[in-house]
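Engineer: One line per chain: the protein sequences are A and B, in this order. Numbering-wise (numbering that gives the first Met the number 0), the first sequence opens with residue 0 and increments by one. Numbering-wise (numbering that gives the first Met the number 0), the second sequence opens with residue 0 and increments by one. Ideal Cβ placement from N, Cα and C applies to all residues, glycine included.
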Amino acid sequence: MSSIPIEKGLENSSPHQREQANYLTVDWSLKSWLTTGDHKRIGIMYLISISFFFLLGGISAGLIRYELTSPAGRVLESETYNKIFSAHGILMIFTFLVVAIPAVFGNFLLPLMIGARDLAFPRLNLMSWYLYMIGGTLILGGMINGGVDSGWTFYVPYSSMYANSNIALVIVGIFFGGFSSITTGINFIVTTHKMRAPGMTWFRLPLFVWAMYATSVVIILGTPVVAITLLLIVFERVFQLPIFSPELGGDPVLFQHLFWFYSHPAVYIMILPAFGIQSELIANFARKRIFGYHFVAFSTLAIAGLGFLVWGHHMFISSQSMYQGIVFSLISFLVAVPSAVKIFNWTATLYKGNIRLTSPMIYALSFIGLFTVGGLTGLFLGSLGTNVHLTNTYFIVAHFHYVMVGGSLTAFLGALHYWWPKMTGRLYSESLAKWNAVLVFVGFNLTFFPQFVMGWMGMPRRYHYYYFAPEYQPYHLMSTAGASVLALGLIIPGFYLLKSLANGPKASANPWGAHGLEWETASPPVTTNFEQTPIVMDEVYDFDPVLEHEQAQARKALEPTGYEGYEPGALAEPKKDESDLGGKS
Amino acid sequence: MLTNTPFSPPSASNFAAEYDFVFFLLLGLTIFFSVVVGIAVIFFTVRYRQGSKADRSRPIYEDLRLETTWSVIPLLLGLVMFFLGAKVFVDMKVPPKDAQEIFIIGKQWMWHVQHSNGVRENNTLHVPVGKPVKLTMISQDVIHAFYIPAFRVQMHVVPGRYTSMWFTPTKAGKYHLFCSMYCGTQHSEMGGTVVAMEPKAWANWIANGGESVPPMTLEQAGQKLYNNISCNNCHGADDNLRAPSLYGIWGKQRKLSNGTSVVADETYIRESILRPHNRLSSGYGPTMPIYEGKITEQDIPKLLTYIKAIGTPGGVPASSPTSLDAAALNGTGGTMTPFASNAIQYQENLKKRLDATPTTRRGNPAVNAIAAQEEGRQ
C-alpha cells in the first residue's frame with residue numbers, strides 16, 4: 000500500500016471499529032444534511048441534484064428523438080420543439096455536464112485522495128451547492144414559465160431582441176450556477192495547494208487531482224466572462240442597453256467572441272475531469288502505473304492552457320476575418336496533440352498489465368474508443384475548409400455528443416460504478432453492471448454514428464421539420480432506435496444501484512484492491528476521512544505487474560469465487576463470519 | 000428504405016472536388032487511428048487479462064522516445080491537414096473578379112434574392128452553371144446562415160453588416176437551400192431551392208424577368224392550352240367520327256343537329272367550349288366534355304385566338320412548339336408561365352410552391368399529407 004494508514008489495515012479492523020458511525024450514519028436529520036460542511040455529504044447532495052436535472056435533460060432528448068422520426072413532426076409545434084431542444088442543451092450543459100464530475104466526484108474524492116480532512120473552505124462548499132440549487136430552480140422556473148427557445152448558445156440579437164420566451168430568468172439561473180462553479184474551483188485549487196498530506200508531493204498526486212486542478216483553473220478564468228456576457232443579454236433585453244444588437248448600435252459578433260471565450264474552455268471543464276477519472280480507472284484495473292504519468296499530467300495543463308486560445312474555431316463562418324480563422328484553426332490543431340498523447344498513454348498502460356474487465360473498466364475502455372472518434376472528428380471542424388460545410392449540421396451534433404456523452408458521461412458512469420462502494424459502502428451486482436456498460440456503448444454508437452452521415456449529407460441541426468428533404472429520415476430512425484437502447488442503459492443502473500443501497504452486501508474498505516488514499520479508509524469513510532493524517536511514502540499507482548499476477552493467482556487459489564464478479568476480498572465481512580457478527584446497521 | 004439511402008451529398012460546385020478530397024483524407028486518418036487504437040485496446044485487454052500467462056517482466060512506465068514519437072507524428076499530420084483545410088478556406092474567401100453578384104436578404108423566415116438586372120425571387124436562387132457567382136448577403140433581423148450542401152458552402156447572414164460567399168455551380172439541377180443558423184420558430188422551414196441552369200437557359204431566364212420561357216403570344220398560349228386540355232385529341236385536321244375539325248371554320252355558317260345553323264364566331268365557340276351540348280354540330284352526339292368551371296375566363300381568349308388562326312381558311316397553326324418543349328425539358332422549370340392555364344397547372348404549381356415557400360404546420364396540405372402518410376405507415 001502506498002502509505003502508512005492511521006490504523007494499520009482498516010480492512011482487518013475489529014467489529015468495534017466497523018460499528019463506528021460513518022459520514023452517512025452520523026446524523027440522519029434533514030437539517031444535518033442541509034447545514035453540513037462535510038465534502039462527502041455535499042458530494043452526495045450534488046449527486047442527487049444533478050441526477051434530477053439529468054433526468055429532465057434526458058426526457059427532453061427523448062422527445063426530440065421521437066419528434067424527428069417523421070419529416071413533418073409527430074406531436075410538437077415548432078415553437079415547442081425549439082423550447083425542448085433548448086431545454087435539453089441548457090440542462091445537460093449548465094446543470095449536468097459542467098457540474099457533474101467536479102461537484103460530485105471532485106467534492107467527494109479530492110480531500111480523500113490527498114489525505115485531507117475536508118476541503119479548504121467547507122462552508123463555501125456548502126454555499127456552492129445552494130447557489131447551484133438556486134440557479135437550477137431559476138432555470139427550471141424560466142423553462143416552465145414561458146420557456147426558452149434560443150438554444151443553449153443564446154445567440155444575439157435573437158435572444159436579446161426577438162425571442163418571446165423567458166430568456167432573462169434562465170440566464171439569471173445560469174449566472175448563479177456559474178458562481179457555484181467558481182466557488183468550487185477556488186476551493187479545489189486552495190485545497191490542492193495547501194492541504195496535501197505529508198509526503199503527497201505534486202508528482203505523487205493521483206491524475207484525477209491533476210485534472211481537478213486544471214479544471215478549476217479553467218473554471219475560475221472562464222466562467223466570470225460568460226456570466227457577465229449572459230447578463231449583458233439580460234440588460235439589452237430588459238433595459239434596451241445597446242451592446243450586441245445592431246438595431247441599437249451594437250455588435251452581434253462580439254457576443255459570439257465573448258460567449259465562446261468561455262464556452263470552448265467549458266468543453267474542457269466537461270472533459271478534463273473525465274480524463275482524470277479515466278487515468279484512475281485504467282491504472283487501477285490494468286493494475287499498473289499509468290504510462291507516462293508526467294506526460295499525462297502536463298498534457299492536462301497544456302489542454303487547459305491552449306483551450307483558452309481556440310474559441311474562434313466556433314466562428315469560422317460567422318464573419319470574423321479570414322486571418323483570425325487561420326490562426327484559430329492552427330491552434331486548434333495544436334490542442335489535438337496533448338489529447339492524442341493521453342489516448343496513446345492510456346493504451347500503452349494496458350501493455351503488460353493485469354487487466355480486470357470490471358464494469359468501471361468497460362466504461363473506461365469504451366471511453367478510449369469513443370473519445371478517439373470524438374476527438375478525430377473534431378479535426379474536421381477545426382480544419383477551416385471542412386468546417387464550412389459541416390458546421391451547424393448534425394455532424395457537429397454527433398461530434399460533441401461523442402466527446403460529451405461518449406467522453407464525459409461514460410467517465411461519469413465509470414466513476415459512479417468505481418467509487419459507489421466507497422461512497423455508499425455497498426456492492427451492486429457487478430455482472431448486471433458489466434452487461435449494462437456494453438449496452439450503453441452499443442446504444443450510444445447506434446444513436447450518434449448515423450448523425451455523422453446525416454451531417455455530412457447536409458442536415459442542419461436544430462431543425463424541427465425536414466419534409467422538404469425526406470432523404471434524411473432513415474438516419475433519424477436509426478438514431479432514435481439507438482437512443483432507445485441508450486435510454487435503457489441509463490435507466491437500468493438507477494435500479495441496481497438503488498437496490499444495492501437497500502440490500503447490497505457491505506463493501507470492504509478496498510473492494511477493487513485499488514491504489515490510492517481513498518481506499519485506505521473505511522467504506523463509507525468516517526466524517527473526518529482519516530482518523531490520523533496519513534503519511535505518503537511511495538509513488539502513485541505503485542503496482543508491480545509481475546507481483547500482481549502472482550498475488551492474483553494466489554488469491555484465486557485460496558478463495559476461488561468472489562461475489563457476483565467482484566474479486567475475493569470485496570466483501571466487508573467474509574460470508575462465514577456473517578452469523579457471528581449479526582448486527583446490521 | 001435503406002436501399003435508396005444516399006451516403007453523400009451531391010457534388011455540384013467548383014469546391015466540391017477539392018473539399019471532398021480533404022474530407023476523405025481526414026476520414027482516412029480518423030479511420031486509421033480509430034482502428035489502430037481500437038485494435039491495440041482489444042489486443043492488450045485480451046492478452047494481458049488478469050490470470051493470463053503473458054510475459055509481464057520489465058514493464059515500462061515512461062519512455063521519452065515513444066512519447067516524442069506519438070506527439071510529433073500527430074503534430075505533423077495535423078499541420079498538413081491544417082494547410083490543406085486552410086487552402087480550401089482561402090479559396091472560398093477570395094471570389095474571382097468576374098463573379099456575377101447577387102444580393103441575398105434574409106429575414107424571419109424567408110430568403111429574398113435580387114439579381115443584378117432587377118429580377119427578384121423568394122426562397123429560390125437561380126444560378127448559371129460554369130459561371131462564378133458571388134452572393135452578398137445581409138439579414139433584416141436576426142442571424143441566419145445561407146447553406147447549400149451540394150455546393151459545400153455556408154456563411155452566416157448577419158444584421159448590420161454584409162457577408163459574402165462565392166461558388167461556381169458545375170452541374171445543372173435543383174439543390175437544397177437551408178438556413179442553418181437557428182433563427183426562431185420557423186427556422187427549419189426557412190429554405191428553398193437552388194436551381195443551377197445551363198448558361199443559355201439561365202441567360203434566357205434572367206432576360207425574361209425570371210421566367211423560364213419567353214412570353215408567348217395569345218395564339219401560342221392558345222395552342223399550348225389546346226393541346227394541354229386535349230382539344231386536339233378529337234378536333235384534328237379533318238372531321239372524324241368523334242368530332243368535327245376546327246380548321247377553316249371561323250366565320251362560316253355551321254349546320255346544327257337541330258336543323259338550324261349558326262355563324263362560328265366568338266360567342267358560339269365560347270359556348271361550345273363551356274356548354275358544348277347546347278348547340279351540337281349536325282351529325283355529332285353530346286360526347287364532348289363540359290369545360291364550364293374547368294377553365295377560367297382568362298383562358299378562353301387564348302383558345303379563341305388559336306381557333307381563329309387555324310379556323311381561318313388558309314390559316315396556319317401557330318409557330319412550332321419546339322421552344323416551349325425545350326424549356327420544359329431542360330429541367331429548369333420552377334416558375335409559372337404567366338399564360339399557363341390556371342386550371343390545368345394549378346395542382347402542379349401548388350406542389351412547386353409548397354416545395355419552395357415557408358409554411359406553417361397547421362393547415363398546410365403538404366405537412367398534413369406527410370403526417371397522414373406517416374401515420375398510415377405505422
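Establish whether the CB of G333(B) and some CB of chain A are separated by less than 9 Å.
Structural biologist: Note that G333(B) scores 37 on pLDDT, short of 50, meaning its location in the model is unreliable; the coordinates nonetheless yield the value given after this. Output row for G333(B): interface = no.
Engineer: If contact means a Cβ-Cβ distance below 7 Å, which residues of the stretch 305-321 of chain A contact chain B?
Structural biologist: Those would be I316, S317, S318 and M321, in chain order.
Engineer: I'd like the ranges of any beta strand (DSSP E) spanning at least 3 consecutive residues and lying wholly in the stretch 154-214 of chain B.
Structural biologist: You should have 162-166, 172-178 and 190-196.
Engineer: Between F88(B) and G311(A), what straight-line distance do the alpha-carbon atoms span, to the nearest angstrom?
Structural biologist: Cα to Cα, the separation comes out at about 15 Å.
Engineer: Can you name the residues of chain B whose CB is closer than 8 Å to the CB of E519(A)?
Structural biologist: Going along chain B, no residue has its Cβ under 8 Å from E519(A), so there is no contact; the nearest lies around 22 Å.
Engineer: Drop a sphere of 10 angstroms on the beta-carbon of S7(B), count the other beta-carbons inside from all chains shown, and report buried for 16 or more, exposed for fewer.
Structural biologist: Looking at its Cβ environment, which holds fewer than 16 other Cβ atoms inside 10 Å, S7(B) is exposed.
Engineer: Cα-Cα, which of L29(A), S85(A), H548(A) and A521(A) is closest to W418(A)?
Structural biologist: Comparing Cα-Cα distances from W418(A) to each of L29(A), S85(A), H548(A) and A521(A), the minimum goes to A521(A).
Engineer: Could you tell me which chain B residues have their CB closer than 7 Å to the CB of H400(A), listed as they occur along the chain?
Structural biologist: Within 7 Å Cβ-Cβ: nothing; H400(A) doesn't reach chain B, min ~16 Å.
Engineer: Taking a Cβ distance cut-off of 7 Å, strictly less, list which residues of the stretch 330-352 of chain A are near chain B, in chain order.
Structural biologist: Per Cβ criterion, the list reads F332, A335, V336, A339, V340, I342, F343, T346, L349, Y350, K351 and G352.
Engineer: If you follow the beta strand (DSSP E) that P127(B) is part of, which residue opens it and which one closes it?
Structural biologist: Per DSSP, P127(B) belongs to the beta strand (DSSP E) from T123 to P127.
Engineer: Going by DSSP, what residues sit across from M109(B) in a beta bridge?
Structural biologist: Beta-bridge pairing links M109(B) to K106(B).
Engineer: Along chain A, in chain order, which residues have C-beta atoms closer than 7 Å to that of L25(B)?
Structural biologist: Per Cβ cutoff of 7 Å: L378, F379, S382 and T385.
Engineer: Check whether the stretch 92-105 of chain A and the stretch 272-286 of chain A are in contact - that is, three or more C-beta pairs closer than 8 Å.
Structural biologist: In short, these stretches touch, since the Cβ pair count reaches three.
Engineer: Would you tell me roughly how many angstroms separate the C-alpha atoms of Q550(A) and G512(A), rounded to the nearest one?
Structural biologist: When rounded, the distance between both Cα atoms is 11 Å.
Engineer: Is DSSP giving H192(A) helix, strand or coil here?
Structural biologist: If DSSP states are grouped into helix, strand and coil, H192(A) belongs with the helices.
Engineer: If distances are taken between C-alpha atoms only, which option among D37(A), I268(A), I227(A) and A119(A) comes closest to F93(A)?
Structural biologist: Of the candidates D37(A), I268(A), I227(A) and A119(A), the one whose C-alpha sits nearest the C-alpha of F93(A) is I268(A).
Engineer: Exposed or buried, what is Y18(B) when buried is set at 16 or more other beta-carbons lying within 10 Å of its beta-carbon?
Structural biologist: By the 10 Å Cβ count, Y18(B) comes out buried.
Engineer: Looking at the unbroken beta strand (DSSP E) that takes in I147(B), where does it start and where does it end?
Structural biologist: First-last of the beta strand (DSSP E) with I147(B): H143 to I147.
Engineer: Count the CB pairs spanning the stretch 399-416 of chain A and the stretch 436-452 of chain A that are closer than 8 Å, and state whether there are at least three.
Structural biologist: Taking 8 Å as the limit for Cβ pairs, the verdict is that the stretch 436-452 of chain A does touch the stretch 399-416 of chain A.
Engineer: Leaving out the 5 sequence neighbours to the left and right, which residues in its chain are closer than 6 Å to A242(B) when beta-carbon positions are compared?
Structural biologist: Excluding sequence neighbours, A242(B) sits near C233 and H234.
Engineer: Could you work out which residue in W165(B), T304(B), Y47(B) and L240(B) is closest to T348(A) when comparing CA atoms only?
Structural biologist: It is Y47(B) whose Cα lies nearest to the Cα of T348(A).
Engineer: Applying the 10 Å Cβ sphere with the 16-neighbour rule, what's the burial state of M360(A)?
Structural biologist: Classification for M360(A): buried.
Engineer: Between N444(A) and chain B, is any beta-carbon pair separated by less than 9 Å?
Structural biologist: No, N444(A) lies away from the interface with chain B (no Cβ there is under 9 Å from its Cβ).
Engineer: Spell out whether any CB of chain B is found under 9 Å from the CB atom of N509(A).
Structural biologist: Not one chain B Cβ lies under 9 Å of N509(A).
Engineer: Is L64(A) buried or exposed, if buried means 16 or more other CB atoms sit within 10 Å of its CB?
Structural biologist: At residue 64(A) the sequence reads Arg, which differs from the Leu that was named. R64(A) comes out buried.
Engineer: On a Cα-Cα basis, can you pick out the residue from R40(A), A20(A), W27(A) and L46(A) that is closest to A414(A)?
Structural biologist: When each option's Cα is compared against that of A414(A), the closest is L46(A).
Engineer: Is V252(A) helix, strand or coil when you go by DSSP?
Structural biologist: Of the three classes helix, strand and coil, the one that applies to V252(A) here is helix, per DSSP.
Engineer: Who are L134(B)'s beta bridge partners in DSSP?
Structural biologist: Its beta-bridge partners are I101(B) and M164(B).
Engineer: State the Cα-Cα distance for the pair S317(A) and L111(A), rounded to the nearest angstrom.
Structural biologist: So the two alpha carbons sit approximately 46 Å from each other.
Engineer: Should I227(A) go down as buried or exposed, given a rule of 16 or more other Cβ atoms within 10 Å for buried?
Structural biologist: Burial call: exposed.
Engineer: K254(B) lies in the beta strand (DSSP E); which residues open and close that run?
Structural biologist: Unbroken beta strand (DSSP E) run through K254(B): Q252 to K254.
Engineer: State the Cα-Cα distance for the pair G291(A) and D62(B), rounded to the nearest angstrom.
Structural biologist: Those two C-alpha atoms are separated by around 7 Å.
Engineer: Using 8 Å as the threshold, is the stretch 165-183 of chain A in touch with the stretch 133-146 of chain A, meaning 3 or more CB pairs across them?
Structural biologist: Touching, yes.
Engineer: Report yes if the C-beta distance between I147(B) and Q153(B) is below 9 Å; otherwise report no.
Structural biologist: In this structure, Q153(B) lies closer than 9 Å to I147(B) by Cβ.
Engineer: Counting pairs of beta carbons, one from the stretch 21-30 of chain B and one from the stretch 88-107 of chain B, are three or more of them closer than 8 Å?
Structural biologist: Taking 8 Å as the limit for Cβ pairs, the verdict is that the stretch 88-107 of chain B does not touch the stretch 21-30 of chain B.
Engineer: Does any heavy atom of the ligand NAP sit closer than 8 Å to the C-beta of F82(B)?
Structural biologist: As presented, the structure is devoid of all ligands, the ligand NAP included, so that no description of it is given.
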